[in-house]
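Protein chains: 2
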Amino acid sequence: MRPDEALHLRLLRLLRDHGAISRAELADRLQIPRPRLLTELDRLAAAGFVSEAGMAASRGGRRSTLVELNPRLRFAAVDLGASSIDIEVVNGRLEPVAAYAEASDIRSGPKAILHRVSELLAKAKADGVYERLDGIGIGVPGPVSYRDGVPVSPPIMPGWDRYPVRELLAREHGCPAVVDNDVNIMALGERHGGVAHSIDDFLYVKIGTGIGCGIFLSGQVYRGTDGCAGDIGHIMAEPHGPVCSCGNSGCLEALFSGAALARDATAAGRSGASPALADRLAASGALTARDVGLAAAEGDITSIGLIRDGGRRVGSVLAGLVSFANPSMIVIGGGLAQLGHVLLAEIRSVVYRRSLPLATGNLPVVLSELASRAGVTGAAVLASDVAFEQASE
Amino acid sequence: MRPDEALHLRLLRLLRDHGAISRAELADRLQIPRPRLLTELDRLAAAGFVSEAGMAASRGGRRSTLVELNPRLRFAAVDLGASSIDIEVVNGRLEPVAAYAEASDIRSGPKAILHRVSELLAKAKADGVYERLDGIGIGVPGPVSYRDGVPVSPPIMPGWDRYPVRELLAREHGCPAVVDNDVNIMALGERHGGVAHSIDDFLYVKIGTGIGCGIFLSGQVYRGTDGCAGDIGHIMAEPHGPVCSCGNSGCLEALFSGAALARDATAAGRSGASPALADRLAASGALTARDVGLAAAEGDITSIGLIRDGGRRVGSVLAGLVSFANPSMIVIGGGLAQLGHVLLAEIRSVVYRRSLPLATGNLPVVLSELASRAGVTGAAVLASDVAFEQASE
């Protein structure tokens, strides 16, 4: 990156995260001379990224003009789940101006899914939400080569392996595009607008259908050598545990995840171990993690026990990762975070007991604040970052 | 760091790692104009860091003067183990010009140990090894606050907690000093002159009296929020395993480490399970990891089994860390690396079986090349880096 690009990126991120700001304060914050700032602002205004926003309140001397991101900037943020599409179109400050959500099966393959994404974006355009897009960020539920902009051997996404997602989106919309995995974008979202705001080293643990971990180190997403860092769902949590979809036994997500919890709840309902779960099973024909959460909230001992067992397993894997990585925060997100305090208390208890005191002395283990919006928020951050990086090209 | 400092650091590291080099090639490699290079070289020569080394072979045009690090540069590299002191005094290229090693008990406390380090260095000076030191790097067997230059709550180092090691060494020798933990300096050493040469993301796993892990991410040692990243000896490897010195049960190093292996070997000798170990126990009165290695080499099934069990446990913890961090190499070092192929084969087998194929497709798991010299080599790298960073101050 050339020096000017780095400056453009800092300047545009400041306007994105802070809002309208006076030229005087901008020069202060960026620590550059005012003439240089004015030159840069002119360039970015010509490129359509910034515009003037009236006069600032006086600081004693000459009144300074306010600068803001161009109000017409629009980014598309797409969060593809195993069974859902979530889209937000946001402005330069990443505030949603339109949102779309629907059920969808990722196994329909890339052509069908990306076609549907295009239809939803075309609808937004027809509704006057945007004239043109300045960037697109998309998260997918599987491993991604971030450099190449393609999914790589994603286990639950048949047909998507090395499909040129980034290239197709960029070409169709004539703007920069970026692809990452769903857990990384949730971590990014939580850092931008959630509980991990401004934290540089933290782990975002998604417990949903599967389990994954977004890793923030030194203020950046850490992706590893092949882009698959954070695949903690297949860490062994119990040597002789149940067989996992990956072929090994005792993997964390074979013991506790949306699928595993539904399986254990159904067994408890059928065996009569839990009358509460048996009633729910009889009423709906199938049980989900949500049923376990509701039964636990009503005091069902078996359901509380299932959640505690799960928390213990997650905690034991996280304790190891705390010993290894010494992060400054752990955020628990994903669908099963709805199980709330019972789950969190058990995770905390194991992590604090099993890790080095030095590493846990000041280690918050907290629930995601953004919940289901973490993904689209992070996708919007990525979309704006890639657009800002290319602003001076 | 100011731009000039960054340039000085790059220039001095290049001379350290490459040796004498012509001015023309230096300007090429650093991608700076020749006049600027000459100015910088003058400054560094005045500060005593570089000197001329004759003329380079002609490249067709004017012959260019060779530049090298001042031959009088001397760094002290100190590796404190639980029961040993290793010191090397090295020149600018980190080649040893003198070495001292002796048994020593870290529990004697910082005053006695650092006094002995000073005596050994004074002896080197009296022998004409150096006139003055340009930097000191020291590794200690426990957690360190790298920023503060002090050990922090080190479990096997009574009396060392927050002892001002860096400050005292720097003051005594009138040069920059730097303190890190023993595993980080071993990883640094292996990257400078061993099997991990030029690898940016790797794990260095030390299996000795205890177990620890040096983490290299993006070309730098990763130390974590509190400086205690890599404390993998206390990751749970077996839920109902033996009680560890830390108070938990089933920690990796309670199952396999120098101490654990000696304990298990002694039990096998006493019970008669292994006649080979029983003979060795009768002969020497006590067994160590070395006895197990020798008995295994002679075909003792029990000893081979103990090493395999250990390798399986280490492998199962490392498999989790590979899933989490997706490194590009794992280096096995420390005293128990002497157990060699049997240990390595078992670790590899478990790591390859238990991690995501994407993460292990091209993941070498190899033995340390530098063995017991890894620590002093890394301490020398740290000493030179800190001296080079301060070269322009």
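Residue numbers (UniProt numbering), protein chains in the order written: chain H, 1 to 393; chain V, 1 to 393.
Note that the Cβ used here is the ideal one computed from N, Cα and C, for glycine as well.
Which residue or residues does DSSP assign as beta-bridge partners of A99/H?
Position 99 of the first sequence, counted from the start, is the residue given in the question as residue 99/H. E88/H.
Given a limit of 8 Å on CB to CB distance, which residues of the stretch 323-336 of chain H reach chain V?
For the stretch 323-336 of chain H, residues whose beta-carbon sits nearer than 8 Å to a beta-carbon of chain V comprise S323, F324, A325, N326, P327, S328.
Between the CA atoms of P35/V and R10/V - distance to the nearest angstrom:
As a first step, residue 10/V must be located in the second sequence, where it is residue number 10. As a first step, residue 35/V must be located in the second sequence, where it is residue number 35. Their Cα atoms are separated by approximately 17 Å.
Report yes or no: is there a C-beta of chain V within less than 8 Å of the C-beta of H8/H?
The residue labelled residue 8/H in the question sits at position 8 within the first sequence. False, the Cβ-Cβ gap to chain V never drops below 8 Å.
Would P154/H and V140/H be called neighbours here (beta carbons separated by less than 8 Å)?
On the first sequence, residue 154/H is found 154 positions in, with the first residue counted as 1. On the first sequence, residue 140/H is found 140 positions in, with the first residue counted as 1. It is a contact, given that the beta carbons lie within the stated cut-off.
Could you check the C-alpha separation between M1/H and R147/H for me, to the nearest Å?
Here residue 1/H refers to the residue found at position 1 of the first sequence. Here residue 147/H refers to the residue found at position 147 of the first sequence. In this prediction, M1/H scores a pLDDT of 44, lower than 50, which makes its location untrustworthy; the coordinate-derived value is nonetheless stated afterwards. So the alpha carbons of these two residues sit roughly 16 Å apart.
Examine chain H for any beta-carbon lying closer than 8 Å to the beta-carbon of T209/V, and answer yes or no.
For this step, residue 209/V is matched to residue 209 along the second sequence. No, T209/V does not count as interfacial toward chain H.
DSSP on Q220/V, reduced to helix/strand/coil?
As a position in the second sequence, residue 220/V is number 220, starting the count at 1. It is a strand residue.
Do you know whose CA, among S323/H, A101/H, Y204/H, D42/H, lies nearest L367/H's CA?
The residue labelled residue 367/H in the question sits at position 367 within the first sequence. Comparing C-alpha distances from L367/H to each of S323/H, A101/H, Y204/H, D42/H shows the shortest one belongs to Y204/H.
Member of L69/V, A177/V, L94/V whose CA lies at the smallest distance from the CA of L15/V:
Your numbering for residue 15/V matches position 15 in the second sequence. Closest option to L15/V, Cα to Cα, is L69/V.
Do A27/H and L37/H have their C-beta atoms within less than 8 Å of each other?
Within the first sequence, the letter at position 27 stands for residue 27/H. Within the first sequence, the letter at position 37 stands for residue 37/H. Yes. Within cutoff.
Suppose the cutoff is 7 Å on Cβ atoms and the five residues either side in sequence are ignored; what does the same chain contact list for A273/V look like?
Taking the first residue of the second sequence as 1, we reach residue 273/V at position 273. Within the same chain, and ignoring the five residues on either side of A273/V in sequence, the residues whose Cβ sits closer than 7 Å to its Cβ are T302.
Who are the near neighbours of S22/H in its chain, counting only those whose CB is closer than 6 Å to its CB and skipping five residues on each side?
Along the first sequence, read from residue 1 onward, the residue named residue 22/H stands at position 22. Setting aside the 5 residues that flank it on each side, S22/H is surrounded in the same chain by A56, S64, L66, each with a C-beta closer than 6 Å to its C-beta; the list follows chain order.
For the candidate residues L121/V, G212/V, L287/V, I106/V, whose alpha-carbon lies nearest to that of V90/V?
Here residue 90/V corresponds to residue number 90 of the second sequence, with the count starting at 1. The option with the nearest alpha carbon to V90/V is L121/V.
Give the straight-line distance between the Cα atoms of L168/H and D105/H, rounded to the nearest whole angstrom.
Within the first sequence, numbered from 1, the residue matching residue 168/H stands at position 168. Within the first sequence, numbered from 1, the residue matching residue 105/H stands at position 105. Put simply, the backbone Cα of L168/H is about 20 Å away from that of D105/H.
Write down the C-beta distance between A391/V and A170/V rounded to the nearest angstrom, noting that I regard them as a contact closer than 8 Å.
Taking the second sequence and counting its residues from 1, one reaches residue 391/V at position 391. Taking the second sequence and counting its residues from 1, one reaches residue 170/V at position 170. Contact flag wrong, Cβ pair sits at about 16 Å.
Measure the C-alpha to C-alpha separation of G208/V and V314/H and round it to an integer number of angstroms.
Walking along the second sequence from the start, residue 208/V turns up at place 208. Walking along the first sequence from the start, residue 314/H turns up at place 314. Cα atoms of G208/V and V314/H: separation of roughly 29 Å, rounded to the nearest angstrom.
Counting only the same chain and skipping the five closest in sequence on each side, list residues whose C-beta sits under 8 Å from that of residue 421/H.
One cannot answer for residue 421/H here, as it falls past the ends of chain H, which runs 1 to 393.
Classify I330/V: buried if its beta carbon has 16 or more other beta carbons within 10 angstroms, exposed otherwise.
Position 330 of the second sequence holds residue 330/V. Here I330/V is buried: its Cβ has 16 or more other Cβ atoms, across all protein chains shown, within 10 Å.
Just to confirm my understanding: we take P71/V, look at its own chain, exclude 5 residues before and 5 after, and list those with CB closer than 8 Å. What are they?
Position 71 of the second sequence holds residue 71/V. Here the set comprises S51, N91, G92.
List the residues that DSSP assigns as beta-bridge partners of M236/V.
Residue numbering aside, residue 236/V sits at position 236 when the second sequence is read from its first letter. DSSP links M236/V through a beta bridge to C251/V.
Quick one: grab the DSSP three-state call for M1/H.
As a position in the first sequence, residue 1/H is number 1, starting the count at 1. Any answer about M1/H is weak, because its pLDDT of 44 lies below 50 and its placement is not dependable; what the coordinates show is given next. In the three-state reduction of the DSSP assignment, M1/H falls in the coil class, being assigned neither a helical nor a strand state.
Measure from the alpha carbon of V317/H to the alpha carbon of each residue in E389/V, C251/V, A337/V, then state which is nearest.
By 1-based counting over the first sequence, the position of residue 317/H is 317. It is C251/V whose Cα lies nearest to the Cα of V317/H.
Short Cβ contact (8 Å threshold) for C244/H with N326/V:
Sequence index remark: in the first sequence, residue 244/H carries index 244 (1-based). Sequence index remark: in the second sequence, residue 326/V carries index 326 (1-based). Between C244/H and N326/V, the CB-CB gap reaches or exceeds 8 Å.
So P176/H packs on G135/H, CB below 8 Å; how close in whole Å?
By one-based count along the first sequence, residue 176/H stands at place 176. By one-based count along the first sequence, residue 135/H stands at place 135. Right, their Cβ atoms sit about 5 Å apart.
Using a Cβ cut-off of 7 Å, pull out every chain V residue sitting near S316/H, in sequence order please.
Along the first sequence, one-based indexing puts residue 316/H at 316. Listed along the chain, the chain V residues whose CB falls inside 7 Å of the CB of S316/H are M236.
Let me check one thing: in DSSP terms, what residues is I211/H bridge-paired to?
Locating residue 211/H in the first sequence gives position 211, where the first residue counts as 1. Paired residue(s): I207/H.
Whole angstroms is fine: what's the gap from E298/V's alpha carbon to S83/V's?
In the second sequence, counting from the first residue as 1, residue 298/V sits at position 298. In the second sequence, counting from the first residue as 1, residue 83/V sits at position 83. Whole-angstrom Cα-Cα distance: 29 Å.
Run of the alpha helix (DSSP H) containing N184/V, from where it starts to where it stops:
Taking the first residue of the second sequence as position 1, residue 184/V is located at position 184. DSSP places N184/V inside the alpha helix (DSSP H), whose first and last residues are 182-193.
Beta-carbon neighbours of Y352/H, restricted to chain V and to distances below 7 Å:
Translated into positions along the first sequence, residue 352/H becomes position 352. The premise fails here: Y352/H is roughly 12 Å from chain V at the closest Cβ pair, so nothing lies under 7 Å.
Can you check whether the C-beta of T302/V is within less than 8 Å of a C-beta belonging to chain H?
In the second sequence, residue 302/V corresponds to position 302, counting from 1. Taking a beta-carbon distance threshold of 8 Å, T302/V does not count as an interface residue toward chain H.
For A267/H, return the contacting residues in chain V, with the cut-off set at a CB-CB distance below 8 Å.
Here residue 267/H refers to the residue found at position 267 of the first sequence. Ordered by position in chain V, no residue passes the 8 Å Cβ test against A267/H, which lies about 22 Å from the chain.
Beta-carbon separation (whole angstroms), R162/H vs V152/H, contact threshold 8 Å
Position 162 of the first sequence, counting from 1, holds the residue named residue 162/H. Position 152 of the first sequence, counting from 1, holds the residue named residue 152/H. Between V152/H and R162/H the Cβ distance is about 7 Å, and since that is below 8 Å, they are a contact.
If F75/V and A380/V are in contact, beta carbons under 8 Å, what's the gap, nearest whole angstrom?
Here residue 75/V corresponds to residue number 75 of the second sequence, with the count starting at 1. Here residue 380/V corresponds to residue number 380 of the second sequence, with the count starting at 1. Under the criterion of beta carbons closer than 8 Å, F75/V and A380/V qualify as touching, at roughly 5 Å.
Measuring only between beta-carbons, confirm whether E143/V sits less than 8 Å from chain H.
Counting from 1 along the second sequence, the entry for residue 143/V is found at position 143. Per the sequence shown, the amino acid found at residue 143/V is Pro instead of Glu. Yes, contact with chain H.
S104/V (DSSP reduced to helix, strand or coil)
The count along the second sequence starts at 1 and reaches residue 104/V at position 104. Note: S104/V maps to coil in three-state DSSP.
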